[in-house]
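Have a look at the structure below before the remarks.
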Amino acid sequence: MIKTRAIDLSLDKHQILRDISVELPPGKITALIGPNGAGKSSLLHTLSRLQKQDRGEVELAGRLLNDYAFDELARHLSVLRQHSSIGSRLRVRELVAFGRYPHNKGRGSKADDVIIEQALADFDLSSLSDRFLETLSGGQRQRALLAMNFAQATDMVLLDEPLNNLDIRHARQLMQLIRLHVDKGRTFALVLHDLNHAARHADYIVAMKNGEIFMAGDTAAVLNSEVLSALYETDIRMVTVEGSLLALTY
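Numbering (full-length UniProt numbering), first residue to last: 1 to 250.
This is the structure we're talking about:
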């Protein structure tokens with residue numbers, strides 16, 4: 001559904017991405033992994049047109065990303081940044097409702113209300129829907145941002161470190177919810193630092209290091225001890241526990 005060809009990106013005279021050519025499989029969960037400064041978030045921002053590359057092309061559903069008008073792109077692709085600036089005097093329901101704007105231009109319908117209520121319920125926010133964002137904890141605010149993203153109902157979803165601030169229960173619920181949406185035909189790409197969530201839930205892995213693709217492939221092919229130890233430059237053991245891959249990093 002989305003792919004890049006020879007992407008280069010420099011910021012403040014520092015090369016951030018170098019010759020990135022990658023294709024994210026449609027209808028799957030792709031995890032972007034790698035050490036700090038590898039370029040994962042920068043790649044995600046380039047895929048979403050939040051950041052313009054110096055060279056190369058990004059293609060979404062067979063069309064160049066630059067060929068999409070802004071409102072059209074927002075109906076096909078949604079993105080959650082790692083750091084999102086939002087008005088503190090917004091209520092949770094109002095924030096989630098913004099996810100419907102690309103579809104209704106602010107003229108909400110009963111169908112929009114159904115989607116909003118479902119997103120609130122999916123992220124355990126129904127009881128918090130009338131709270132101002134400034135009164136929420138970090139994890140609650142993260143869930144509100146995720147609910148807004150899911151309410152946008154796009155085919156392609158890009159999430160930059162979506163597990164930030166989430167407790168164990170809500171992190172697990174998010175990954176399970178993503179799988180439910182993938183089973184309905186949506187495509188997800190996530191920047192993840194938790195290798196065990198990547199091992200448990202991702203179908204495809206893009207491993208990055210120093211602004212380049214270190215390795216990309218099916219989860220089982222990339223998440224092995226040799227590859228990960230070289231990627232992170234520290235000893236990582238991958239073992240199988242009850243049929244699932246588990247990363248031992250301590």
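The C-beta atom is built at its ideal place from N, Cα and C for all residues, glycine as well.
Since the model is a prediction, treat every value here as computed from it, not as a measurement.
Buried or exposed: F150, going by 16 or more other Cβ atoms within 10 Å of its Cβ? buried
Bridge partners for M156 per DSSP, in chain order? L77, T187
Do the CB positions of D130 and R91 come within less than 8 Å of each other? yes
With a CB to CB cut of under 7 Å and the five nearest residues on each side skipped, what residues in its chain are close to V206? V22, T30, L32, I213, A216
Three-state secondary structure assigned by DSSP to H45: helix
Relative to the C-alpha of R143, which candidate in A153, T154, L128, D155 has its C-alpha closest? L128
In DSSP terms, what L60 is bridged to: I2, R63
Taking C-alpha atoms, which residue in G243, D122, I236 lies nearest to R169? D122
DSSP on I213, reduced to helix/strand/coil? strand
In whole angstroms, what is the alpha-carbon distance linking A198 and V114? 31 Å
Closest to H76 by C-alpha separation, out of Q82, G62, H83, L192, would be which residue? G62
Distance check for G108 and S229, CA to CA, integer angstroms please. 50 Å
If the criterion is Cβ atoms closer than 8 Å, does the pair L65 and R55 meet it? no
Let me know if Q152 comes out buried or exposed under the rule of 16 or more other beta-carbons within 10 Å of its beta-carbon. buried
Other residues of its chain near Y204: CB distance less than 8 Å, five sequence neighbours each side excluded: L24, P25, K28, I29, T30, A31, A216, G217, D218, T219
For D112, which three-state DSSP category applies? helix
Which value, in whole angstroms, describes the spacing of the CA atoms of V222 and I20? 18 Å
Ignore the nearest five residues each way along the sequence and tell me which others in A171's own chain have a CB closer than 6 Å to its CB. L163
Quick check on the DSSP output: the beta strand (DSSP E) that includes T240 runs from which residue to which? 237-241
Once the 5 residues before and after L248 are set aside, which same chain residues still bring their CB inside 8 Å of it? I236, R237, M238, V239
CB of L44 to nearest heavy atom of the ligand PLP: below 7 Å? Looking at this structure, you won't find the ligand PLP or any other ligand, since it has none at all.
Which of helix, strand or coil does DSSP assign to H14? strand
Element boundaries [beta strand (DSSP E), containing S244]: 244-248
Expressed to the nearest angstrom, what Euclidean distance is found between the alpha-carbon atoms of L190 and K110? 31 Å
Is it true that the CB of R93 sits closer than 8 Å to the CB of L120? yes
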